[in-house]
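> Here it is: the structure, laid out below.
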Amino acid sequence: MNFLGSQALYFLAPIVEWALNAKEIEHVARLLERRETIPRLITIIETKSAPQAPPGASAQ
Numbered sequence: 004m005n006f007l008g009s010q011a012l013y014f015l016a017p018i019v020e021w022a023l024n025a026k027e028i029e030h031v032a033r034l035l036e037r038r039e040t041i042p043r044l045i046t047i048i049e050t051k052s053a054p055q056a057p058p059g060a061s062a063q
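In my numbering, the protein residues as written are 4 to 63.
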């Protein structure tokens, strides 16, 4: 299933490139080709989508 997802991403790359750059698309497609990278991809997505404190704010 991972392999099919990566191939679909390669197929849709010309359309997806309007939202992402080509290097990001290729990186995600390569990650999807290997099953063991799915948990890592989830961690990356969660980290990037987590709310972050504004610059200069101190942690309490």
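All residues carry an ideal CB built from backbone N, CA and C; glycine is no exception.
So, at 7 Å on beta carbons, what are the nonlocal neighbours of Leu44 in its own chain, with the 5 sequence-adjacent residues on each side left out?
The count along the sequence shown starts at 1 and reaches residue 44 at position 41. The residues are Leu34.
> Taking only three categories from DSSP, how would you classify Gln10?
The sequence position of residue 10 within the sequence shown is 7, counting from 1. If DSSP states are grouped into helix, strand and coil, Gln10 belongs with the helices.
> So, does the segment 19-33 touch the segment 48-55, judging by three or more C-beta pairs under 8 Å?
no
> With distances taken between CB atoms, is the gap from Phe6 to Glu36 smaller than 9 Å?
The residue you call residue 6 lines up with position 3 of the sequence shown. The residue you call residue 36 lines up with position 33 of the sequence shown. Yes, Cβ-Cβ distance for Phe6 and Glu36 is below 9 Å.
> Whole angstroms is fine: what's the gap from Thr50's alpha carbon to Val19's?
Your numbering for residue 50 matches position 47 in the sequence shown. Your numbering for residue 19 matches position 16 in the sequence shown. Their backbone Cα atoms lie some 22 Å apart in a straight line.
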